[in-house]
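Enquirer:
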Amino acid sequence: GAVIQCRGLSKTYREGKLVTPVFQGLDLSIQAGETVAILGASGAGKSTLLHLLGGLDIPTEGDIWVDGEFNGVRACWDIASMSNAARGQLRNKALGFVYQFHHLLPEFTALENVMLPVLLGGADVNEANSRAKGLLEAVGLGHRLAHKPGELSGGERQRAAVARALVNKPACVLGDEPTGNLDEKTAAGVFALMLELNRAQKTSLVLVTHDRSLARRLDRVMELHEGKLRELGAGQV
Ligand code: ADP
Ligand code: ADP
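Quick note: the sequence shown uses the UniProt record's numbering, first residue 15, plus one each step.
#1: Considering only their Cβ atoms, is the gap separating His-116 from Arg-171 smaller than 8 Å?
#2: Look up Leu-221 in the DSSP assignment and give the residues it is bridged to.
#3: Below 8 Å between beta carbons: does that hold for Lys-147 and Leu-125?
#4: Between Val-181 and the rest of its own chain, which residues show a CB-CB distance below 7 Å, the 5 nearest in sequence each way excluded?
#5: In this structure, how does DSSP classify Glu-75 when only helix, strand and coil are distinguished?
#6: Using only alpha-carbon positions, find the residue among Leu-109, Gly-69 and Gly-57 that is nearest to Asn-98.
#7: With a CB to CB cut of under 7 Å and the five nearest residues on each side skipped, what residues in its chain are close to Gly-135?
#8: Which residues in the same chain as Leu-159 place their Cβ atom closer than 8 Å to its Cβ, once the five residues preceding and following it in sequence are excluded?
#9: Taking 6 Å as the limit between beta carbons, can you name the residues of its chain near Asp-71, skipping five residues before and five after?
#10: Ile-44 bridges to which residues according to DSSP?
#11: Could you check whether the Cβ of Lys-60 sits closer than 7 Å to any heavy atom belonging to ligand 1?
#12: Below 8 Å, how does it come out for the region 207-223 and the region 32-40: are there three or more Cβ pairs, yes or no?
#13: Going along the chain, which unbroken runs of the alpha helix (DSSP H) with 4 or more residues stay wholly within the region 123-202?
#14: Determine the DSSP secondary structure at Ala-89, reduced to helix, strand or coil.
#15: Quick check on Lys-242: does DSSP put it in helix, strand or coil?
#16: Is Val-33 near ligand 1, judged by its Cβ being under 7 Å from some heavy atom?
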């Protein structure tokens with residue numbers, strides 16, 4: 015089944031007299047385990063779409079259902095009509111985020127940063143510790159558990175961010191140019207790792223990127239252009 019489903023999604027930013035229509039009437043389904051790239055020029059609305067899918071913002075029109083657990087009930091939740099607190103609770107378990115900038119907490123170690131979502135999800139410290147450690151080992155940071163973000167390299171920080179995104183075993187990871195700040199070789203390593211872990215955990219991935227060579231390696235490629243989303247065939251990417 016679908017982990018995220020959108021129907022008739024529109025977004026218009028309004029600030030005073032300034033009205034910015036971004037997209038209209040988008041339909042999109044992300045199936046379990048599927049990896050999907052979203053391409054588009056700068057300003058096309060890729061980040062806006064990802065924020066809506068992740069419940070970080072709400073659409074002007076349309077519905078978004080996310081398959082996840084809320085108050086102990088596993089269901090498809092209509093996130094646009096939930097309260098902010100409810101959306102936050104659903105997001106913590108159902109979704110993982112990786113951004114261009116790592117957003118790790120600077121005062122906490124790599125281990126503590128990855129433990130945090132597990133603790134927020136209600137698990138005890140031992141459980142959080144063993145899961146965070148397991149995932150940091152899986153991303154090649156077993157020797158960096160006690161390092162703070164400032165003591166890690168750029169690639170290591172993104173690997174820690176990947177570990178944090180996956181630690182609650184989300185149904186879907188949302189990535190917004192997660193390798194955009196890294197040099198080519200480091201970026202390739204982090205991207206390969208994300209794909210490998212996503213596939214191993216059978217987690218879906220929605221990846222916003224402007225890099226067609228990365229997009230091509232995912233199951234499906236969509237392009238956001240002039241407010242519409244269309245699927246590109248293999249020869250078009
Ligand atoms: P992309 O990620 O494809 O570069 P964005 O989703 O960031 O595009 O932006 C799409 C459009 O929406 C742009 O015209 C941008 O200026 C506008 N926009 C983005 N965020 C806001 C906001 N918070 N308020 C007003 N306009 C915004
Ligand atoms: P366990 O065997 O009890 O799951 P591990 O230390 O092997 O303990 O793993 C701890 C956590 O890290 C688990 O949530 C597991 O799903 C995750 N994990 C470990 N290795 C991987 C991997 N290669 N890919 C994805 N997740 C992993």
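Even glycine gets a Cβ: it sits at the ideal position worked out from N, Cα and C.
Expert: According to the structure data:
#1: Position 157 of the sequence shown, counted from the start, is the residue given in the question as residue 171. Position 102 of the sequence shown, counted from the start, is the residue given in the question as residue 116. Yes, Cβ-Cβ distance for Arg-171 and His-116 is below 8 Å.
#2: Numbered from its first residue, the sequence shown carries residue 221 at position 207. BP columns for Leu-221 point to Ala-51 and Gly-189.
#3: As a working mapping, residue 147 is identified with position 133 in the sequence shown. As a working mapping, residue 125 is identified with position 111 in the sequence shown. Yes.
#4: As a working note, residue 181 is residue 167 in the sequence shown. Cβ neighbours of Val-181 within its own chain (closer than 7 Å, five residues either side excluded): Val-128, Pro-131, Val-132, Arg-145, Ala-146 and Leu-149.
#5: Numbered from 1 along the sequence shown, position 61 holds the residue referred to as residue 75. Three-state DSSP puts Glu-75 in a strand.
#6: Here residue 98 refers to the residue found at position 84 of the sequence shown. The option with the nearest alpha carbon to Asn-98 is Gly-69.
#7: If you number the sequence shown from 1, residue 135 lands on position 121. Asn-106, Lys-107 and Asn-182.
#8: Residue numbering aside, residue 159 sits at position 145 when the sequence shown is read from its first letter. Closer than 8 Å at Cβ, skipping near neighbours: Thr-123, Ala-124, Leu-125, Lys-147 and Leu-150.
#9: As a position in the sequence shown, residue 71 is number 57, starting the count at 1. Result list for Asp-71: His-65, in chain order.
#10: The residue you call residue 44 lines up with position 30 of the sequence shown. In the DSSP output, where bridge partners are listed per residue, Ile-44 has Ile-18.
#11: On the sequence shown, residue 60 is found 46 positions in, with the first residue counted as 1. Yes, the beta carbon of Lys-60 sits closer than 7 Å to at least one heavy atom of ligand 1.
#12: The answer is no - the region 32-40 does not touch the region 207-223, with fewer than three Cβ pairs under 8 Å.
#13: The qualifying runs are 124-134, 139-152 and 168-180.
#14: As a first step, residue 89 is located in the sequence shown; it is residue number 75 there, counting from the start. Ala-89: strand per DSSP, three-state reduction.
#15: Start at 1 with the first residue of the sequence shown, and residue 242 comes out as number 228. Lys-242 falls in the strand class under three-state DSSP.
#16: In the sequence shown, residue 33 corresponds to position 19, counting from 1. Outside the cutoff, so no.
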